[in-house]
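The opening position of the sequence shown corresponds to residue 1 in UniProt numbering, with each subsequent residue numbered one higher. Cβ coordinates follow ideal geometry from the N, Cα and C atoms, glycine included. Note that the structure is predicted; figures quoted are calculated from it, not measured.
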Amino acid sequence: MVTPIFHVFDYHQAYEFYIEWLGFHLDWEDRPATGPLYMQVSRGDVVLHLTSHHGDSCPGSKAIAEIKGLVAYHYRLVQKNHSFARPGLEKTSWSEKVMQTEVVDPFGNRLVFVEACA
């Protein structure tokens with residue numbers, strides 16, 4: 001298992017984006033009153049670490065996650081009509097048999113959900 005680490009700058013924006021909009025689950029968090037944040041979120045087999053520790057990750061990172069039910073997941077995201085984005089759903093540039101939707105978090109990190117299609 002590989003766990004991408006995304007740099008985030010604000011707990012509330014990260015929570016709103018990953019938990020409330022994308023539907024991830026907050027697995028655990030280390031959020032001291034003073035000091036940087038570190039937390040794990042997951043949705044099915046997709047696990048991410050979110051950090052505000054200096055040097056853990058570069059802002060603007062990118063990860064690709066294979067999921068099942070991409071069309072339905074994309075539909076749910078678009079129906080939420082969130083201010084973050086209205087991601088498209090398209091075939092990948094590298095295979096006509098793979099669909100993708102890409103979301104960009106408030107900190108410039110990109111998460112691309114992909115699924116093989118018939």
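Element boundaries [beta strand (DSSP E), containing residue i]
| i | result |
| --- | --- |
| Ala116 | Arg110 to Ala116 |
| Val98 | Val98 to Val104 |
| Phe9 | Premise fails: Phe9 is in no beta strand (DSSP E) and is neither H nor E. |
Residue from the options with nearest C-alpha to residue i
| i | options | result |
| --- | --- | --- |
| Tyr75 | Ser83, Leu89 and Lys62 | Leu89 |
| Trp28 | Phe6, His49, Phe9 and Val8 | His49 |
| Thr3 | Ser42, Ala116 and Glu102 | Ser42 |
| Val114 | Arg31, Asp45 and Met1 | Asp45 |
| Gly35 | Ser57, Gln79, Phe9 and Cys58 | Phe9 |
| Met1 | Val47, Pro59, Ala85 and Gln40 | Val47 |
| Pro59 | Ala33, Ile5 and Ala85 | Ile5 |
| Leu70 | Pro32, Ala33, Thr101 and Leu26 | Thr101 |
Nearest-angstrom beta carbon gap, residue j and residue i [assumed within contact, 8 Å]
| i | j | result |
| --- | --- | --- |
| Val103 | Leu111 | 5 Å |
| His7 | Ser61 | 7 Å |
| Tyr38 | Asp30 | 5 Å |
* Every unbroken beta strand (DSSP E) within the segment 17-85, with a cutoff of 3 residues, ordered by chain -> 25-30, 38-43, 46-51 and 62-66
* Count the CB pairs spanning the segment 56-67 and the segment 17-31 that are closer than 8 Å, and state whether there are at least three. => no
* Mind the definition here: the segment 75-93 touches the segment 39-53 only if three or more C-beta pairs lie below 8 Å; say whether that holds. => no
* Asked: Just checking, does the segment 104-114 make contact with the segment 12-19 on the three C-beta pairs under 8 Å criterion?
  -> yes
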